[in-house]
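Structure record follows, encoded as C-alpha cells.
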Amino acid sequence: NAGVMQNPRHLVRRRGQEARLRCSPMKGHSHVYWYRQLPEEGLKFMVYLQKENIIDESGMPKERFSAEFPKEGPSILRIQQVVRGDSAAYFCASSQRDSGEQYFGPGTRLTVT
Amino acid sequence: AQSVTQLGSHVSVSEGALVLLRCNYSSSVPPYLFWYVQYPNQGLQLLLKYTTGATLVKGINGFEAEFKKSETSFHLTKPSAHMSDAAEYFCAVSDRPTDKLIFGTGTRLQVFP
C-alpha cells in the first residue's frame, strides 16, 4: 500500500508566479489535510478537505491560497502570485474516516526567488 | 483554543541514556495527543497516540508517553537512546479524531556516542 504521495518534491518559483502542489492520499483515505512548515518552526494547519468539500479552512491565508480535493484525482494546493514569504515546506496528510491517525507525505519544498 | 508547548527546542543525550522530551497541552475538551518524528528532509512519522483508555501509551522504536491530565502533560520517553533516534520530535493535539492537528514547535534530539 503506497503511502501519501506529494509532487513535486521541490518547486522553485519566481515572485508573482503560481505554485501548484499535489497530494495523492493513501488508498482508502477520504480525508486530506495541508500543513505548512516555515524554517525552524513547527507545522501549521492550513486546510482540511474531504472529497469535493472543504471542511475547515481556518488556517488558510485569505488571499492567493486555495485548495481542492476533487472527486477524481489528487488534492491540489494552489498559491497564486507567490511571494518570498511563501517559501516553506508544505505537507499533506491523509486519514481514513474517523480513524484519528494522519499519515504524512514527504512534503513539497517551495522556494520563491 | 488548543495549544501545545514543547519545553526545550534542543535536547542532547549520550547513546544509551534516558530520553525525555517534554510536552504540555491546553485543551478545553478531552484531548487526543500525538507524538511525531521527522528526519531531515522527510515527512512526519507517527510515533504514538493517546485517544482514550490507558494513560501510558507505547509506540514504535521503544518510545512511550504518559498522559497526565492533572499536569496537562504528555511527555515522551525512551529508556536508552540510540544514534538513529537523532531527529526532530513534534507533539500535537486535536479535539476530535478527524480534526486538525495543533503542533508544538518541535524538539531537536541529538544523540552523542
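Which chain is which? The protein sequence lines are A and B, in order. Residue 36 is where the first sequence starts when you use this note's numbering, and the numbers rise one by one after that. Residue 102 is where the second sequence starts when you use this note's numbering, and the numbers rise one by one after that. Every residue gets a Cβ at the ideal spot worked out from N, C-alpha and C, and that includes glycine.
Less than 9 Å between CB atoms is the rule here; does residue i satisfy it with respect to chain B?
{"i": "phenylalanine 104 of chain A", "result": "no"}
{"i": "leucine 78 of chain A", "result": "yes"}
{"i": "glycine 94 of chain A", "result": "yes"}
{"i": "aspartate 91 of chain A", "result": "yes"}
{"i": "proline 43 of chain A", "result": "no"}
{"i": "serine 134 of chain A", "result": "yes"}
{"i": "proline 109 of chain A", "result": "no"}
{"i": "valine 67 of chain A", "result": "no"}
{"i": "valine 117 of chain A", "result": "no"}
{"i": "alanine 37 of chain A", "result": "no"}
{"i": "phenylalanine 100 of chain A", "result": "no"}
If distances are taken between C-alpha atoms only, which option among the options comes closest to residue i?
{"i": "tyrosine 151 of chain B", "options": "B/Ser181, B/Trp136 and B/Ser127", "result": "B/Trp136"}
{"i": "glutamate 116 of chain B", "options": "B/Met184, B/Tyr126 and B/Pro131", "result": "B/Met184"}
{"i": "alanine 123 of chain A", "options": "A/Gly38, A/Tyr70 and A/Lys86", "result": "A/Tyr70"}
{"i": "leucine 202 of chain B", "options": "B/Arg123, B/Lys169 and B/Ser128", "result": "B/Ser128"}
{"i": "glutamine 107 of chain B", "options": "B/Leu157, B/Ser113 and B/Leu122", "result": "B/Leu122"}
{"i": "leucine 210 of chain B", "options": "B/Asp186, B/Ala102, B/Leu148 and B/Thr199", "result": "B/Asp186"}
{"i": "phenylalanine 126 of chain A", "options": "A/Lys62, A/Leu46, A/Gln72 and A/Gly120", "result": "A/Gln72"}
{"i": "proline 131 of chain B", "options": "B/Asn162, B/Val212, B/Pro214 and B/Asp196", "result": "B/Asp196"}
Taking the straight line between their C-alpha atoms, what separation do you get for residue i and residue j?
{"i": "arginine 99 of chain A", "j": "glycine 51 of chain A", "result": "11 Å"}
{"i": "valine 82 of chain A", "j": "alanine 188 of chain B", "result": "26 Å"}
{"i": "phenylalanine 139 of chain A", "j": "glutamine 146 of chain B", "result": "7 Å"}
{"i": "alanine 54 of chain A", "j": "isoleucine 111 of chain A", "result": "10 Å"}
{"i": "tyrosine 133 of chain B", "j": "proline 105 of chain A", "result": "29 Å"}
{"i": "arginine 48 of chain A", "j": "asparagine 42 of chain A", "result": "15 Å"}
{"i": "histidine 45 of chain A", "j": "proline 74 of chain A", "result": "15 Å"}
{"i": "lysine 62 of chain A", "j": "glycine 142 of chain A", "result": "18 Å"}
{"i": "threonine 148 of chain A", "j": "glutamine 116 of chain A", "result": "12 Å"}
{"i": "proline 60 of chain A", "j": "threonine 199 of chain B", "result": "15 Å"}
Can you check DSSP and say which residues form a bridge with residue i?
{"i": "leucine 145 of chain B", "result": "B/Gln139"}
{"i": "threonine 143 of chain A", "result": "A/Tyr125"}
Please tell me whether residue i has its Cβ less than 9 Å away from any Cβ of chain A.
{"i": "lysine 150 of chain B", "result": "yes"}
{"i": "glycine 154 of chain B", "result": "no"}
{"i": "leucine 147 of chain B", "result": "yes"}
{"i": "threonine 173 of chain B", "result": "no"}
Within this structure, are the beta carbons of residue i and residue j separated by less than 9 Å?
{"i": "leucine 145 of chain A", "j": "isoleucine 114 of chain A", "result": "yes"}
{"i": "glycine 109 of chain B", "j": "glycine 77 of chain A", "result": "no"}
{"i": "tyrosine 190 of chain B", "j": "glutamine 143 of chain B", "result": "no"}
{"i": "serine 174 of chain B", "j": "glutamate 167 of chain B", "result": "yes"}
{"i": "arginine 179 of chain B", "j": "valine 120 of chain B", "result": "In the sequence as displayed, the identity of residue 179 of chain B is lysine instead of arginine. Cβ atoms of lysine 179 of chain B and valine 120 of chain B: closer than 9 Å."}
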